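**Q** The structure that follows is given in the form of structure tokens.
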Amino acid sequence: MARVDVIMPQMGESIAEGTVSRWLKKVGDAVKRDEPIFEISTDKVDAEIPSPSAGILAEILIGEGQTVAVQTIVARIETDASAAATASASAPAPSAAAAKGAPEQARASAASTPPGAGAAPSGGATRTTSAPAGGGGDGPRSTPGGNSFEERIRTKSSPLVRRMAAEQGIDIAALQGSGIAGRVTKKDLVAFVESGAAPATRGSMHAPGGAESHGPMPEPWPGDKVEPMSVMRQRISEHMVQSRRTSAHVTSFMEIDFTRIARMRAKHRVAFEQANGVKLTYMPFIIKSVVLALKEFPVMNSSVAGNKVIYRKQYNIGVAVALDWGLLVPVIKKADELSLSGLTKAMNDLAARARAKKLNPAEVQDGTFTITNPGVFGSLMGTPIISQPQVAILGVGTIEKRPKVLTGADGEDVIAIRTCAYFSISFDHRIIDGAVADQFLAAVKKSIESFPETGW
36 MARVDVIMPQ MGESIAEGTV SRWLKKVGDA VKRDEPIFEI STDKVDAEIP
86 SPSAGILAEI LIGEGQTVAV QTIVARIETD ASAAATASAS APAPSAAAAK
136 GAPEQARASA ASTPPGAGAA PSGGATRTTS APAGGGGDGP RSTPGGNSFE
186 ERIRTKSSPL VRRMAAEQGI DIAALQGSGI AGRVTKKDLV AFVESGAAPA
236 TRGSMHAPGG AESHGPMPEP WPGDKVEPMS VMRQRISEHM VQSRRTSAHV
286 TSFMEIDFTR IARMRAKHRV AFEQANGVKL TYMPFIIKSV VLALKEFPVM
336 NSSVAGNKVI YRKQYNIGVA VALDWGLLVP VIKKADELSL SGLTKAMNDL
386 AARARAKKLN PAEVQDGTFT ITNPGVFGSL MGTPIISQPQ VAILGVGTIE
436 KRPKVLTGAD GEDVIAIRTC AYFSISFDHR IIDGAVADQF LAAVKKSIES
486 FPETGW
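For the numbering used here, count along the sequence shown from 1 and bump the result up by 35.
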């Protein structure tokens with residue numbers, strides 16, 4: 036008789052916790068090795084987690100909706116079927132209600148303490164002696180003061196604790212909690228507030244420490260439907276608000292003529308799709324043109340680190356994918372090294388696996404520039420929010436036929452039907468001036484409107 040522990044995996048170096056979003060198997064079910072048994076949500080990605088061994092799911096220790104540290108044992112698999120029958124009767128799966136109502140201490144203690152992680156005394160949260168470092172280059176998920184496991188997990192408190200801290204103007208990173216690796220719990224935060232200590236604030240030019248970021252809390256009215264945000268929606272919300280507070284957002288627009296590319300697509304589409312097995316869309320042409328423009332204007336492919344600018348030498352293009360349950364941005368790594376067919380295959384593969392929850396964290400990390408395409412839903416234009424720690428994002432409006440006034444062969448004005456779209460570029464005005472952003476967008480426009488018909 037043997038039991039195999041199923042642990043919360045570390046889905047990427049900077050990820051310190053995960054939320055069990057759904058169990059695909061129940062206690063007593065037979066499972067095969069590498070068969071998905073539960074789904075998790077993290078800061079980076081939603082994913083199905085495979086079974087480490089074949090056998091019977093004997094115990095589920097962490098219920099749906101619970102958030103625990105990586106390496107926490109979430110379930111156990113009995114490799115001896117006869118012994119598992121007894122275990123399944125005595126270890127029912129925790130209910131969703133129990134998971135949602137679990138106190139912070141229970142969630143923290145469910146995780147086994149990792150090597151070198153020292154817990155704080157049980158007397159509540161205390162201020163750490165070192166101040167957090169500022170201006171990291173790892174975006175909204177960077178943690179102040181370093182990148183050790185302990186520091187990452189300490190700042191990864193639950194959404195409830197993070198909201199309470201924001202309302203009180205308290206910087207969680209400046210506290211030491213009683214949870215695993217110093218994780219700040221609700222009890223710790225309440226004890227710190229009641230102690231009368233000065234709040235460890237993290238102010239900003241947009242929302243000073245202590246200010247309520249979302250205004251008064253609305254109350255449901257009779258007949259309203261109330262449901263909790265998914266973990267992914269909570270993360271998107273946090274990251275979008277954080278990005279608006281971090282970057283000085285400005286957006287410019289430009290109309291681009293796709294008539295030349297539309298004609299090339301019509302001419303080569305069948306042969307391309309037969310040769311590559313994928314549909315030829317407009318997006319690979321856009322990505323190609325964007326990469327050329329990024330090389331011409333390197334500040335558009337950079338990140339801000341305090342008072343320094345990091346100019347990225349890789350061209351990793353994120354392409355937003357709308358899902359039924361949220362939004363993911365898979366990243367095409369080294370896009371400058373791919374042909375049109377290579378870009379098309381990479382884009383289709385990433386999008387398909389995003390919808391099937393088969394992406395791994397590395398495939399949504401390390402983007403240097405992002406493209407979002409609301410035009411597929413008919414939107415003419417938009418003002419997208421920058422994905423931190425990037426400094427710009429391109430919005431692609433719907434590509435459609437429009438009447439345009441052109442100059443004829445003899446210099447006369449003529450009306451012609453052209454295939455056009457509005458592009459928008461949202462940029463960080465801290466380091467990018469409007470002239471540079473407009474020149475970048477003009478370079479994208481020129482490249483698309485004069486795209487070569489050979490060398491695909």
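We put the beta carbon where it would ideally sit given N, CA and C, even for glycine. Predicted model only: the values in this text are computed from it and were never measured.
Taking Leu378 as the reference, which of Tyr457, Thr489, Pro319 has the closest Cα?
**A** Selected option, being the one with the closest Cα: Pro319.
**Q** Can Val339 and Ile483 be called in contact, C-beta distance under 9 angstroms?
**A** In this structure, Ile483 does not lie closer than 9 angstroms to Val339 by Cβ.
**Q** Using 8 angstroms as the threshold, is the region 363 to 378 in touch with the region 399 to 412, meaning 3 or more CB pairs across them?
**A** Touching, yes.
**Q** State the Cα-Cα distance for the pair Pro251 and Met275, rounded to the nearest angstrom.
**A** Their Cα atoms are separated by approximately 19 angstroms.
**Q** Between Gly90, Ala82, Gly63, which has its C-alpha nearest Ala37's C-alpha?
**A** The option with the nearest alpha carbon to Ala37 is Gly90.
**Q** When the Cα of Gln106 is compared with those of Pro44, Ile75, Leu59, which residue comes out closest?
**A** Ranking the options by Cα distance to Gln106, first place goes to Pro44.
**Q** Answer yes if the region 425 to 444 comes into contact with the region 453 to 464, meaning at least three C-beta pairs across the two stretches below 8 angstroms, and no otherwise.
**A** Judged by Cβ distances under 8 angstroms, the region 453 to 464 makes contact with the region 425 to 444, as three or more pairs qualify.
**Q** Are the CB atoms of Pro71 and Ser86 nearer to each other than 9 angstroms?
**A** It is a contact, given that the beta carbons lie within the stated cut-off.
**Q** By the three-class DSSP mapping on this structure, what secondary structure does Lys448 have?
**A** The question names Lys, yet the displayed sequence has Asp at residue 448. Here Asp448 sits in strand by DSSP.
**Q** When DSSP labels each residue in this structure, what does Ala381 get in the three-state scheme?
**A** Ala381 falls in the helix class under three-state DSSP.
**Q** With which residues is Pro87 paired in a DSSP beta bridge?
**A** BP columns for Pro87 are empty, so no partner.
**Q** Looking only at C-alpha atoms, which of Ile352, Lys392, Ile452 sits nearest to Leu373?
**A** When only C-alpha atoms are compared, the closest one is Ile352.
**Q** State buried or exposed for Asn342, treating a residue as buried only when at least 16 other CB atoms are found within 10 Å of its CB.
**A** The residue in question, Asn342, is exposed, as its Cβ has fewer than 16 Cβ neighbours within 10 Å.
**Q** From Lys481, Ile108, Leu441, Gln423, pick the residue whose C-alpha is nearest to that of Val325; which is it?
**A** Residue Lys481 is the option with its Cα nearest to Val325.
**Q** Which of the three DSSP states, helix, strand or coil, is assigned to Lys343?
**A** In this structure, Lys343 counts as strand in the three-state DSSP scheme.
**Q** Give me whichever residues DSSP pairs with Ile321 in a beta bridge.
**A** Ile321 pairs with nothing; no bridge assigned.
**Q** Quick check: what's the CA-CA separation for Ala137 versus Pro257?
**A** Any reading at Ala137 must be qualified, since the residue scores a pLDDT of 39, below 50, and its modelled position is unreliable; the value itself is stated next. Answer to the nearest angstrom: the Cα atoms are 27 angstroms apart.
**Q** Measure from the alpha carbon of Ser282 to the alpha carbon of each residue in Thr54, Glu99, Ala427, Ile108, then state which is nearest.
**A** Among Thr54, Glu99, Ala427, Ile108, the Cα nearest to that of Ser282 belongs to Ala427.
**Q** What are the partner residues of Met289, as DSSP defines its beta bridges?
**A** Answer is Phe458, bridged to Met289.
**Q** May I have a chain-ordered list of the alpha helix (DSSP H) segments no shorter than 4 residues that lie completely inside the region 349 to 437?
**A** DSSP runs (the alpha helix (DSSP H)) wholly in the region 349 to 437: 375 to 390.
**Q** If you follow the alpha helix (DSSP H) that Val479 is in, where does it begin and where does it stop?
**A** Counting along the chain, the alpha helix (DSSP H) containing Val479 begins and ends at 469 to 484.
**Q** Taking just the CA atoms, how far does Lys439 sit from Ala477?
**A** The alpha-carbon atoms of Ala477 and Lys439 are separated by roughly 19 angstroms.
**Q** From the DSSP output, in three-state form, read off Ile42 for me.
**A** If DSSP states are grouped into helix, strand and coil, Ile42 belongs with the strands.
**Q** Excluding the 5 residues flanking Leu441 on each side, which residues of the same chain have their C-beta closer than 7 angstroms to its C-beta?
**A** Excluding sequence neighbours, Leu441 sits near Val449, Ala451.
**Q** To which residues does DSSP link Leu441 through a beta bridge?
**A** The partner list for Leu441 (beta bridge, DSSP) reads Val449.
**Q** DSSP three-state call for Asp463: helix, strand or coil?
**A** Correct three-state label for Asp463: strand.
**Q** Could you pull out every residue in the same chain whose Cβ sits closer than 7 angstroms to the Cβ of Met267, ignoring the five residues on either side in sequence?
**A** Once the five neighbours on either side are set aside, the close Cβ partners of Met267 are Ser76, Asp81, Trp360, Gly361.
**Q** Please identify the residue among Lys323, Pro409, Asp384, Gln425 whose C-alpha is closest to the C-alpha of Lys369.
**A** For the residues Lys323, Pro409, Asp384, Gln425, the minimum Cα distance to Lys369 belongs to Lys323.
**Q** So which of Leu329, Arg347, Asp259 has the shortest CA-CA distance to Gly337?
**A** The sequence shown places Ser at residue 337, rather than the Gly named in the question. Of Leu329, Arg347, Asp259, the residue nearest in Cα terms is Arg347.
**Q** Can you tell me where the alpha helix (DSSP H) holding Ser76 begins and where it ends?
**A** Segment 71 to 76 is the beta strand (DSSP E) holding Ser76; no alpha helix (DSSP H) there.
**Q** Just to confirm the assignment, what range does the beta strand (DSSP E) spanning Arg68 have?
**A** Looking at the DSSP string, Arg68 is not in any beta strand (DSSP E), and its letter there is neither H nor E.
**Q** In its own chain, which residues sit with a C-beta less than 7 angstroms from the C-beta of Leu329, not counting the 5 before and 5 after it?
**A** Closer than 7 angstroms at Cβ, skipping near neighbours: Met335, Asn336, Tyr350, Phe404.
**Q** With Ala306 as the anchor, note down where its alpha helix (DSSP H) starts and where it stops.
**A** First-last of the alpha helix (DSSP H) with Ala306: 294 to 311.
**Q** By the three-class DSSP mapping on this structure, what secondary structure does Ile205 have?
**A** Three-state DSSP puts Ile205 in coil, outside helix and strand.
**Q** Between which residues of its own chain and Leu358 is the CB-CB distance below 8 angstroms, once the five residues before and five after are set aside?
**A** Within the same chain, Leu358 has close Cβ partners Ala389, Arg390.
**Q** Once you ignore the five residues that flank Glu74 on each side, which residues in its own chain have a CB closer than 6 angstroms to its CB?
**A** So the list reads Ser56, Arg57, Glu83, once near-sequence residues are dropped.
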